[in-house]
Every structure is written in C-alpha cells, then in structure tokens.
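K.L.:
Those letters in the sequence shown? Residues -12 to 197, by our numbering.
We put the beta carbon where it would ideally sit given N, CA and C, even for glycine.
These figures come from a predicted structure and were not determined experimentally.
Structure provided below as structure tokens; questions to follow.
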Amino acid sequence: MPDFSTLMLFAAAALVLTATPGPDMLLIASRSVSQGRAAGFLTYAGIALGTYCHALAAAFGLSQLFMTVPAVYEAVRWAGCCYLLYLAYKTIRSEGIAFAPASTLRRLSGRRIFFAGLATNLLNPKMALFVVALFPQFVTVQSGSITMQILALATVLNGIGLVVNGAVIILGSQIRARLASLSRFPKLPQYMLATVFAGLACRLALQARN
C-alpha cells in the first residue's frame, strides 16, 4: 500500500483534477437537473466503477494498448462517440413531461442510469491514458503489490470525486426543483441532457490522441 504521505499528495492532485469541470461532472450535473438526485448519484456510481476498471486495466498493462496501437484507441473513441449520440437520440425521443411523476425519464431504471455512466466512462480512452499517466507517479515496487496500490489510488480518487460531485448533484437537484415550475417548457430537461450527450460525443470525436 502507498504510505500516508504519498496518499496525501495524490489526494491533493486528485482534488484539483476532480474539482476541474469536465465531461464526467457535466454528465452528472445534467442527470441531476433532468432526473433528480438519485439519478445523479447512480451516474456517479457508474463512473466510479469505470475508474476502477481503468485502474485494473492499467495494473495489468491493458491500457498500454492505447499508447502502442493507435487503431485500438480510435476504435474505442468512435465507439464512445456513437454511444453518446445514441443516448442523445433516446433522450430526445422519450415521451412525457420530464418533471411529471409519470414521466418516461423518471421511469428510467436505476440499472440503465448506472450503466450509462459506466459505459460513458469506459468508452472514453482519455480516461485510460489519464490513469496510465498519473497513477504510476505514486506507485513504487517497495510498497508492495502494484495492483493493490493502484486500486488504493483509485479509491482515493473516487472518494474525493464523491465529495465534489456530491455537491454538484445536490446543487443540480435544487436547480431541478426550480425548473419544475417552468410549465411552458416541459421537455427542457430532456433537451438539456440530450445536448450534453451530443456535446460529449462531439468532444470525443474531435479530441486528438495526445
């Protein structure tokens, strides 16, 4: 296991990185505004599990494929882009008033929301490269199992992410309560969420490997 000073140094770096607005925070915020606090936390849970998956991939050297085989990176990148566009399409096509108790958005199962967050994280190759670039800086052979050290770092990252994104989720749910009074725009949250998915897809499509 990494020593205490290493964990604190990593925690400081993780706090800065987590507090910087990015695709994950944007997705969590939009879920919270459009579908409520529970959906926001479920989305974060999926993203957190994705972080563990990337960490394990880095521990076993799988993420090195992105650095050595560009075709694998491109395949994952375009798969993620297509998936996000699919989510945008499904969100727009959903029927019902977003804030009504019988809304289609509200009837989305927790499993679907969770796996949407997980898939969005897993299909972002930049996350894998981020883990490969950052985590080894805080891992030493003298500290024991490399896999356990990387998982410990992923746990610290997810813990800090829960605090930061938890605040975003609570704020998003409060905004949702205010938007509920906008009866003139019943599908506004759906359009907001679809726009986020489409924007993330465009970002993923345009981002360079480096």
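1. Note down the Cα distance separating L110 from A32, rounded to an integer number of angstroms.
2. Under the rule that 16 or more other beta-carbon atoms within 10 Å means buried, what is G97, buried or exposed?
3. Under the rule that 16 or more other beta-carbon atoms within 10 Å means buried, what is F47, buried or exposed?
4. Among residues of its own chain, excluding the 5 on either side of V155, which ones have a beta-carbon nearer than 8 Å to its beta-carbon?
5. Along the chain, where does the alpha helix (DSSP H) that runs through P10 open and close?
6. Decide if the stretch 64 to 76 is in contact with the stretch 131 to 148; the criterion is three or more beta carbon pairs, one per stretch, under 8 Å apart.
7. Answer yes or no: do L43 and V143 have a C-beta to C-beta separation smaller than 8 Å?
8. Quick one: measure Cβ to Cβ for G37 and L105, integer angstroms, because I've assumed they're closer than 8 Å.
9. Among the residues of its own chain, which have a CB less than 7 Å from the CB of A87, if the five just before and after it don't count?
P.N.:
Concretely, from the data shown:
1. Computed Cα separation, rounded: 16 Å.
2. Exposed is the call here.
3. With fewer than 16 other Cβ atoms from the protein chains shown falling within 10 Å of its own Cβ, F47 counts as exposed.
4. Excluding sequence neighbours, V155 sits near M12, I15, A16, S19, G27.
5. 10 to 22 is the span of the alpha helix (DSSP H), which, as asked, contains P10.
6. In the pairwise beta carbon analysis, the stretch 64 to 76 is classified as not touching the stretch 131 to 148: fewer than three pairs are separated by under 8 Å.
7. At least 8 Å separates the beta-carbon of L43 from that of V143.
8. Taking a contact as a CB-CB distance under 8 Å, the pair G37 and L105 counts as one, their CB atoms being some 5 Å apart.
9. Annotation note: pLDDT 43 at A87 (below 50); position unreliable, no value reported.
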